[in-house]
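K.L.:
Sequential numbering of the sequence shown, starting at 8, is according to the working numbering.
All C-beta atoms in this analysis are idealised placements derived from N, C-alpha and C, irrespective of residue type, glycine included.
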Amino acid sequence: MACFLQDIGENHVSEKVMHELSIAQNIIEIVEERIPAHKRSRITAIVLRLGEFSGVVAETLVFSFGVIAPQKGMSGASLEIENVPLTGECGTCGKTSLLTYGVFECPVCRSRDVVIRTGQELQVVSISMIDAGDESGGIAAVNSPEQIQETL
Ligand SMILES: [Zn+2]
């Protein structure tokens, strides 16, 4: 009998959803490390900095988060995506430019000696909460944005 995963075909749809699902779980774990259980129902938004070249589909990630968050006591939380464009610094002319997805070439001098500067981010940058009058204010800023380790 053929392998079921291979039978799915070229698009790897189910693997792709698994990828976003595991990232959504990762985001929730980061939040759980910072916000005690009794305060999690007050979370309104989690801001994720997402690079254009991170390989993550934002819509799928937001959907996956929406499925998991209520199970973790975060039914009021939404995942907000802060998109980061793909930029690179040219080793030949020294300019930093926006890159076209998939084309790693300096748009100024056409050199291919380009180092990616932004666009690979996958970071939780802030957690917003309903202010219940305590010391936390309204926003729990994540002081050192946490890069999510990709597990797949
Ligand atoms: Zn250049």
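Where do the ends of the beta strand (DSSP E) carrying leucine 57 lie?
P.N.:
50-58
K.L.:
How is the alpha helix (DSSP H) around leucine 68 delimited, first residue to last?
P.N.:
Its alpha helix (DSSP H) spans residues 65-75.
K.L.:
At which residues does the beta strand (DSSP E) containing isoleucine 2 begin and terminate?
P.N.:
The chain is shown from 8 up to 159; residue 2 falls before or after that span and cannot be answered.
K.L.:
Around ligand 1, what residues have a beta-carbon under 5 Å from a heavy atom of it, in chain order?
P.N.:
Residues with their Cβ less than 5 Å from any non-hydrogen atom of ligand 1, running along the chain, are Cys97, Thr99, Cys100, Cys113, Val115, Cys116 and Ser118.
K.L.:
Confirm, please, whether the CB-CB distance from isoleucine 88 to leucine 55 is below 8 Å.
P.N.:
yes
K.L.:
Beta-carbon within less than 7 Å of valine 91's beta-carbon, same chain only, minus the 5 sequence neighbours each way: which residues are those?
P.N.:
Arg56, Leu57, Gly58, Glu59, Thr125, Gly126 and Glu128
K.L.:
At the level of alpha carbons, what is the spacing between alanine 65 and serine 118?
P.N.:
31 Å
K.L.:
If you draw a straight line from the alpha carbon of glutamate 36 to that of arginine 49, how long is it in whole angstroms?
P.N.:
Rounded to the nearest angstrom, the two C-alpha atoms are 16 Å apart.
K.L.:
Report the option in Ala31, Val110 and Ser82 whose CA atom is closest to the CA atom of isoleucine 137.
P.N.:
Checking every option, the nearest Cα to that of isoleucine 137 belongs to Ser82.
K.L.:
What does the alpha-carbon distance come out to for the pair threonine 109 and leucine 68?
P.N.:
Per the sequence shown, residue 109 should be read as glycine rather than threonine. Pairing glycine 109 with leucine 68, the inter-Cα distance amounts to about 22 Å.
K.L.:
Could you tell me the boundaries of the beta strand (DSSP E) in which glutamate 112 lies?
P.N.:
Note, glutamate 112: premise wrong, no beta strand (DSSP E); not H, not E.
K.L.:
Looking at glycine 80: is its Cβ nearer than 8 Å to the Cβ of alanine 44?
P.N.:
yes
K.L.:
Enumerate in chain order the residues of its own chain whose CB-to-CB distance from valine 122 is below 7 Å, with the five nearest sequence positions on each side excluded.
P.N.:
Gly95, Glu96 and Gly98
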